[in-house]
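See structure below.
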Amino acid sequence: MSEAAPTYQLDFIERTVDVVAAYVSNNSLPSAELPALIASIHDALNSIGSGPSAPAAETIERPTPAQIRKSIRPDGLISFIDGKSYKTLKRHLTKHGLDPQGYRERYGLPSDYPTTSANYSAQRSALAKSLGLGQPGRAQTIEDEPAPAEEPAASGRAQSRRKGTAAAGKDTAAAGKSRGAGRKVEAA
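Under numbering that gives the first Met the number 0, the residue at position 67 of the sequence shown is numbered 66, and the numbers go up by one with no gaps.
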């Protein structure tokens, strides 16, 4: 184990040298400030190498049940991160590197804590209902409606073909037979 400690320290010294050299090559620095720069970079690398700091995660104050109730308003949700009101927390949480479940765990919120305000949800629901979304019968009515619209288009196409042909005086049944000419029809 005594061999690992000097190698470990040597690694930090080498990394400190690399960082200082890169910084000095791109920035002008008075020679009097160089020792302070070296010390600060070495300390920073040592603090990173010592592992994650657990006390930083524990400094988050968990809200009381009364604060949780007050944070849920009809027009917006009060964020425990910055204290501002939001209609939805999704984008705000993503900006701070959290997801809804992580936010609930971090602040000790119940699993049913909303991420969207009640008024905003009602507004979106009303919009969806006015558009007819979520109605199972709506898909059938859309499929039934185009069928009558296709027949006039087909007869108009047959009429335009008859105008340019020599058989303009023949009825539509004869025109339909001429369109099918060349195709094989199999008998059952």
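Where a beta carbon is used, it is the ideal one built from N, C-alpha and C, also for glycine.
Nearest to residue i (by Cα), restricted to the options the options
i, options, result
"residue 73", "93, 84, 30", "84"
"residue 44", "19, 90, 32", "19"
"residue 120", "87, 78, 80, 13", "87"
Exposure of residue i, with buried meaning 16 or more beta-carbon neighbours within 10 Å
i, result
"residue 76", "buried"
"residue 15", "buried"
"residue 116", "buried"
Own chain, CB closer than 8 Å to residue i, minus 5 neighbours either side, in chain order
i, result
"residue 69", "77"
Proximity test, residue i beta-carbon vs the ligand NAD heavy atom, cut-off 6 Å
i, result
"residue 46", "This structure lacks the ligand NAD, and indeed carries no ligand of any kind."
Nearest-angstrom Cα separation, counted from residue j out to residue i
i, j, result
"residue 128", "residue 103", "30 Å"
"residue 133", "residue 98", "27 Å"
"residue 81", "residue 91", "10 Å"
"residue 136", "residue 79", "43 Å"
"residue 46", "residue 37", "14 Å"
"residue 35", "residue 71", "49 Å"
"residue 13", "residue 122", "60 Å"
"residue 23", "residue 30", "10 Å"
"residue 28", "residue 113", "52 Å"
"residue 55", "residue 130", "Confidence in residue 55 is poor, its pLDDT being 49 and thus under 50, which makes the residue's placement unreliable; the coordinate value appears in the next sentence. Going by the C-alpha atoms only, they are around 49 Å apart."
"residue 94", "residue 100", "15 Å"
"residue 53", "residue 17", "Confidence is the limiting factor: at residue 53 the pLDDT is only 48, short of 50, which leaves the residue's position unreliable and the question unanswerable from this model."
"residue 39", "residue 89", "38 Å"
"residue 32", "residue 118", "57 Å"
"residue 124", "residue 111", "19 Å"
"residue 189", "residue 58", "No statement about residue 189 is possible, as the shown extent of the chain runs from 0 to 187 and does not include it."
Own chain residues within Cβ distance below 6 Å of residue i, not counting five before or after
i, result
"residue 166", "Note that residue 166 scores 49 on pLDDT, short of 50, meaning its location in the model is unreliable and no value can be drawn from it."
Beta-carbon contacts of residue i that lie in its chain and below 7 Å, excluding the five residues immediately before and after
i, result
"residue 67", "108"
"residue 1", "Note that residue 1 scores 49 on pLDDT, short of 50, meaning its location in the model is unreliable; the coordinates nonetheless yield the value given after this. Contacts found: none."
"residue 41", "11, 15"
"residue 126", "none"
If we count Cβ pairs, one from each stretch, closer than 8 Å, do we get three or more for the stretch 103-110 versus the stretch 58-68? The answer is yes - the stretch 58-68 touches the stretch 103-110, with three or more Cβ pairs under 8 Å.
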